[in-house]
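Numbering (this note's numbering), first residue to last: 1433 to 1884.
One structure is given here, and the rest of the page talks about it.
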Amino acid sequence: MAHTDPRRSIPRTDHLLDLPEVITAGERLSQSTIRAIIVEAQKAARAGEIPVAEVVPTVIEHLSSRSASSLTPVLNATGIIVHTNLGRAPLSEPARRAVASAAGYVDVEMDLETGRRSKRGIGAKQAILRACPGADDALIVNNGGAALLLAVTALRGDKMSGNDGSAGASDASVAGEIIVSRGELIEIGAGFRLPDLMATTGSRIREVGMTNRTHLDDYAEAITDRTASLLKVHTSNFRVEGFTASVEIAALRELADDHELPLIADLGSGLFEPDPYLPDEPDIASALAAGADVVIVSGDKLLGGPQAGLILGRSDAVQRIAKHPLARAMRTDKLTLAAIEATVANTENPVQDALHIDVDRLRERSERLAGLVSGTVVAHDGRVGGGGAPGVPLPGWAVEMPEELARPLRLGNPAVVARVHQGRCLIDLRCVPEADDDLVGEAVNRARGNHA
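Given below as structure tokens:
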């Protein structure tokens, strides 16, 4: 007698949609999301990945665990503060509240007293200028790469066919040359390289010096009537050591003045002032004091805010950038403006807390966690991450566990991302809020129990 293929018994979509649990899920999830989960379970059953009898439980389980976003909150136990794969900087509680408040209607471009249109982002800009009094003006765009592209494009105006930089030919000899040290031609990740980024502006990169050594004369000898600007880039995601030389911003300022050229400094990570923990990391205040016309930093690195590109500097230069047509295309949204303002205006900052953590307290927390999970406390260096302070260790401690726990920890609830290194799973609490230490311990014990 022929056997009936059990896959013929896979529940139909309309039957699954009538389940009480599915109807309840419809109060928070869209029908398209619900149908996608149902189809996924049906396909898994047809492929033999799950038994037919598991279709209904699978649908119900996925619906109950599905949130409005596919992004999963994680506890960062890697010791890397600005972890690019985990969204870089975690926002402070004031910044999170500001984002939630700004999610509805807000006066982002309205003067409530007059009822008329006002300028966008005034509050965020004022907060930045209060934090960095050395800057005359500031502009916020959607990311650091956009800020650099915009600044280079807007400030090269006299090398275009029009003096305001708003029009011109695509020929590089007309659009102007950007002089930059060969040792500063960075790749910022995912294959995006500085020369390629600059090429989209119609300008041409003029490399000077060598990878390890560049002198002021190299810049001076490269200046011609086609030169549009001098660019100083902080090599934030790598270090060159040994026989090296580079030119400081102050020296470039004198050269730029001699030839009436703008000087642009891309600092990357975004310190407002010098930090003794990171002596080689440039800061905005020092770069402006040294003579940069504009300084560019990212909002979601050491600043501890959302993804954004901050342009600070001389008022005439910033205003010229702000008036360029590209500035409208790179404009940031109200949520980012709210988060930036709250981040800069408040002292609470998870990134800075993790950077300046009390190492003795970190050890106490690690020892307590080790007792909860039967682990071993070992010395462990954290890192800034996100391209900041490459090669600079942040001494600390971690709890050592078997490597095979790393995956179930990532897949648990809450998800805990630890560091896998030399056959070990290292749990570093540097970036974990102390109030969540017990959650980490419970997650480890669940992962160990499930893995046994």
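For glycine and all other residues, C-beta sits at the position ideal for the given N, C-alpha and C.
Neighbourhood of residue i by C-beta distance below 6 angstroms, restricted to the same chain and skipping five residues each side
i	result
Ala1411	Missing from the structure shown is residue 1411; the chain here goes from 1433 to 1884 and no further.
Leu1586	Checking the displayed sequence, the identity of residue 1586 turns out to be Ala instead of Leu. The answer, listed in chain order, is Gly1597, Arg1752, Ile1753 and His1756.
Met1833	Gly1807 and Cys1857
Pro1825	Asp1813
Gln1463	none
C-beta neighbour in chain B for residue i, strict 8 angstroms
i	result
Pro1565	Here there is only one protein chain, and chain B is not present.
Proximity below 8 angstroms, CB of residue i to CB of residue j
i	j	result
Ile1728	Thr1659	no
Lys1733	Gly1702	yes
Ala1677	His1647	yes
Val1506	Gly1817	no
Arg1560	Val1848	Residue identity check: residue 1560 is Ile in the sequence provided, not Arg. No. Outside cutoff.
Gly1511	Gly1828	yes
Val1876	Leu1841	yes
Leu1626	Leu1758	no
Pro1522	Pro1782	yes
Gly1745	Asp1568	yes
Gly1723	Thr1667	no
Arg1638	Ala1654	yes
DSSP state of residue i mapped onto helix, strand, coil
i	result
Met1630	helix
Ile1554	helix
Ser1593	Note on Ser1593: pLDDT 37, under 50, position unreliable in the model; no value is reported.
Ala1802	helix
Val1816	coil
Gly1664	The amino acid at residue 1664 is misidentified as Gly; the sequence shows Lys. In this structure, Lys1664 counts as strand in the three-state DSSP scheme.
Ala1601	Because the pLDDT at Ala1601 is just 39, under 50, the model does not fix this residue reliably, and the value given afterwards should be weighed accordingly. Coil at Ala1601, not helix or strand.
Gly1577	helix
Asp1568	coil
Leu1735	coil
Val1606	Residue placement at Val1606 is flagged as unreliable, the pLDDT there being 49, under the threshold of 50; a coordinate-derived value is accordingly withheld.
Val1640	strand
Val1727	strand
Arg1625	strand
Leu1544	coil
Ile1681	helix
Arg1440	helix
Thr1504	coil
Asp1715	strand
Gly1615	helix
Ala1479	coil
Pro1782	helix
Whole-angstrom distance between residue j and residue i, CA atom to CA atom
i	j	result
Arg1878	Val1488	26 angstroms
Leu1687	Asp1790	44 angstroms
Gly1710	Asn1574	It is worth fixing the name first, because residue 1710 is Leu in this sequence and not Gly. Those two C-alpha atoms are separated by around 26 angstroms.
Leu1571	Val1750	7 angstroms
Ala1786	Gly1547	43 angstroms
Asn1845	Gln1474	25 angstroms
Arg1444	Ser1502	26 angstroms
Ala1468	Phe1624	34 angstroms
Glu1835	Gln1784	29 angstroms
Ile1743	Arg1588	16 angstroms
Asp1748	Val1584	15 angstroms
Met1592	Thr1656	Here the model assigns Met1592 a pLDDT of 46, short of 50, so the residue's position is not dependable, and the following value carries that caveat. About 15 angstroms.
Residues of its chain near residue i, where Cβ-Cβ distance is below 8 angstroms and the 5 sequence neighbours each way are ignored
i	result
Leu1461	Leu1495, Arg1498 and Ala1500
Arg1440	none
His1788	Tyr1709
Gln1739	Arg1520, Asn1574, Asn1575, Ser1730, Gly1731, Asp1732 and Thr1768
Arg1885	Here the chain covers residues 1433 to 1884 and nothing more, so residue 1885 does not appear.
Val1471	Thr1445
Residues near residue i in its chain [Cβ-Cβ closer than 7 angstroms; skip 5 each side]
i	result
Asp1868	Leu1507
Leu1566	The sequence given here places Gly at residue 1566; Leu does not occur at that position. Result list for Gly1566: Ala1717, Leu1720 and Ala1721, in chain order.
Arg1880	Leu1837
Leu1518	Val1506, Asn1508 and Val1849
Asn1778	Ser1524 and Pro1526
Ile1442	Gln1474, Ala1477, Arg1478, Val1484 and Val1487
**OP:** Determine contact between the region 1706-1725 and the region 1768-1783, defined as no fewer than three beta-carbon pairs at a distance below 8 angstroms.
**Re:** At 8 angstroms Cβ cutoff, the stretches do not touch.
Original post:
So, do the region 1792-1811 and the region 1543-1557 have three or more beta carbon pairs nearer to each other than 8 angstroms?
Top reply: no
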